[in-house]
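Residue numbers (our numbering), protein chains in the order written: chain A, 1 to 254; chain B, 1001 to 1270.
Don't be surprised by glycine CBs; every beta carbon is placed ideally from N, CA and C.
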């Protein structure tokens, strides 16, 4: 929904109307794997895709003031929340969410371990905290979206495979049943069978294993999903968008 | 624009004007405007009743534009039929409103048959009798009344809205919802100072209302004052007035706050 027409101003007869930004908000978390397996071309592709998506959001008249973007990365020695281009210290008292029309992505680097479980837990915490803030501010919101993207499988802080992710399965099932957010879990690159099993367990309806690193299409799918949410679309619409995304055809442009 | 001017030059003590514009999202998607409005003047010529209705078709349903149109028209017919020009007592007004909604819903379900859910729509109705005002709403439409003046400023009042069914703002109740009658909100107002009424669908809720604790709290006075001003003092060119109002509703400042269809149905005493 790019701006493809001249700016439409308020007519002079109505110029005295004062408008607060009461737009209904949609928190969107990108929970991204930046562990060592993403080094090289994959992380470059991710950075480029984030840059391109940012331009699209800035130009999008309806998503720009509604979608709020936060990034969570898992790589290096742990997990990080990002407020736009800035990594926040752990337990920072500020929200990582930035209105989409002001969002600027960080330049991500890949290294270290895959604390996927902890990253998803952090994603859920920041979504819950943002909802509370929005309610306090008197603002309405749509169902948040969390998009987990990984090419690996969960490890502990020493880089060893772990079963700790299993503790998340009942939590995520409850949260999704209660419709607290919509979770997408996407495997890219050469994700293993076990990695795929993890994604299926986390997001039974919205998981995918994609060839290569199609981050651009993935971010466009998130925009399409945000648009569908704004329209009040039923679950079947999200399933259709996702199923066509899995085959890497841009259903939302059909 | 699904409909243009509705200035009623024929009868009734109220000047009425309605306008719906398709939202940016629908415009880009080639989807028709799914909002509708309608009004009718009924009852005896010496004591007429004006019925106003706005409806917002569900974004995800294939025939919701037709559903909104049907609901708004059925509402003016059935609420007009039930309305008594003389004040029958507050309880009787509430009963009358609920009975009229029941009539509308029955007729709607009859006409849309097995596909009723494809026509899902909200409905907000105001009945303007000479000594009372009735209001019924299912879904997230809203009504602002203008009544009284304080310190030289007209006073605007938001009528209580129906409860929201979930924490998410895009989820609401439709007249086709199975238990729609349990989500109804009705009101009876007796205030001779009422000289302006504004009905709208949720496309303007974030602009026309001020919010607190996630709920609409009161009207945005600057919005209400501006849109009542333009119907109180219409220009010599009704088409020009319509164009300016449509331009306002389609402006980027409004679209950035809400890209949905927008409807404004106003009535002011002549």
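### Task
Decide yes or no for the touch test of the region 1125–1132 of chain B against the region 1042–1055 of chain B: beta carbon pairs closer than 8 angstroms, at least 3 of them.
yes
### Message
Contact between the region 39–51 of chain A and the region 202–218 of chain A is defined here as three or more beta-carbon pairs at a separation below 8 angstroms; is this criterion met?
### Response
yes
### Task
Identify whether residue 205(A) lies in helix, strand or coil by the three-state DSSP scheme.
coil
### Query
Just reading off the beta strand (DSSP E) that residue 184(A) is part of, what are its end residues?
182–187
### Query
Under the three-state reduction of DSSP, which class applies to residue 141(A): helix, strand or coil?
strand
### Members of the region 7–39 of chain A that neighbour chain B once the beta carbon cut-off is set at 8 angstroms
7, 8, 9, 10, 11, 13, 14, 16, 17, 18, 19, 20, 21, 22, 23, 24
### Message
Taking 6 angstroms as the limit between beta carbons, can you name the residues of its chain near residue 1098(B), skipping five residues before and five after?
### Response
none
### Query
Does the beta carbon of residue 161(A) sit closer than 8 angstroms to a beta carbon anywhere in chain B?
no
#### Entry: Segments of 4+ residues assigned as alpha helix (DSSP H) that fall wholly inside the region 1017–1095 of chain B
1024–1029, 1064–1082
### Query
Are the CB atoms of residue 1197(B) and residue 1145(B) nearer to each other than 8 angstroms?
yes
### Task
State the DSSP-derived secondary structure class of residue 65(A), mapped to helix, strand or coil.
coil
### Task
Report the option in 38(A), 86(A), 126(A) whose CA atom is closest to the CA atom of residue 110(A).
38(A)
#### Entry: Local Cβ density within 10 Å of residue 258(A), reported as buried at 16 or more and exposed below that
Nothing in the structure corresponds to residue 258(A), since chain A is present only between 1 and 254.
#### Entry: chain A within 8 angstroms of residue 1002(B), Cβ atoms only
Note on residue 1002(B): pLDDT 38, under 50, position unreliable in the model; no value is reported.
### Task
Measure how close the beta-carbons of residue 1130(B) and residue 1047(B) come, nearest whole angstrom, since I'm counting them as under 8 angstroms.
6 angstroms
### Task
Following the continuous alpha helix (DSSP H) through residue 1194(B), name the residue where it begins and the one where it ends.
Premise fails: residue 1194(B) lies in the beta strand (DSSP E), 1194–1200, not in any alpha helix (DSSP H).
### Query
Cβ of residue 1065(B) less than 8 angstroms from any chain A Cβ?
no
### Task
Report the rounded CA-to-CA distance for residue 149(A) versus residue 208(A), giving the unit in angstroms.
10 angstroms
### Message
Please state the DSSP three-state secondary structure of residue 1266(B).
### Response
strand
### Query
From residue 1001(B) to residue 201(A), what does the alpha carbon distance come to, in whole angstroms?
Any reading at residue 1001(B) is ruled out, since the residue's pLDDT is 38, under 50, leaving its predicted position unreliable.
### Message
I'd like to know whether the C-beta of residue 1266(B) is nearer than 8 angstroms to at least one C-beta of chain A.
### Response
no
### Message
Using C-beta distances below 6 angstroms, list every residue in its chain close to residue 1005(B), excluding the 5 sequence neighbours before and after it, in chain order.
### Response
Reliability fails at residue 1005(B), whose pLDDT of 44 lies under 50, so the model's placement of it is uncertain and the value that follows must be treated cautiously. These residues qualify, in order along the chain: 1238, 1242.
### Neighbour flag for residue 98(A) against chain B, beta carbons, 8 angstroms
no
### Task
Report the three-state DSSP secondary structure of residue 1177(B) (helix, strand or coil).
coil
### residue 1213(B) versus residue 159(A): straight-line alpha-carbon distance, rounded
44 angstroms
### Query
Under three-state DSSP, which class holds residue 80(A)?
strand
### Query
Are residue 1062(B) and residue 1114(B) closer than 8 angstroms when you measure CB to CB?
no
#### Entry: Stretch-stretch touch, CB-based, cutoff 8 angstroms, three pairs: the region 164–173 of chain A with the region 51–67 of chain A
no
### Task
Give the straight-line distance between the Cα atoms of residue 1029(B) and residue 1260(B), rounded to the nearest whole angstrom.
12 angstroms
### Simplified DSSP assignment, three categories, for residue 254(A)
The predicted position of residue 254(A) is uncertain, since its pLDDT is 40 and thus under 50; a value taken from the coordinates is nonetheless stated next. In the structure shown, residue 254(A) sits in coil (DSSP, three-state: anything other than H, G, I, E or B).
### Task
Can you grab the Cα-Cα spacing for the pair residue 178(A) / residue 68(A), in whole Å?
21 angstroms
### Task
Answer with yes or no whether the minimum CB distance from residue 1251(B) to chain A is below 8 angstroms.
yes
### Message
Does chain B have any CB closer than 8 angstroms to the CB of residue 225(A)?
### Response
no
### Query
Would the beta-carbon of residue 1174(B) fall within 8 angstroms of that of residue 1219(B)?
no
### Task
Answer with yes or no whether the minimum CB distance from residue 62(A) to chain B is below 8 angstroms.
yes
### Message
Would you say residue 230(A) lies against chain B (beta-carbon separation less than 8 angstroms)?
### Response
yes
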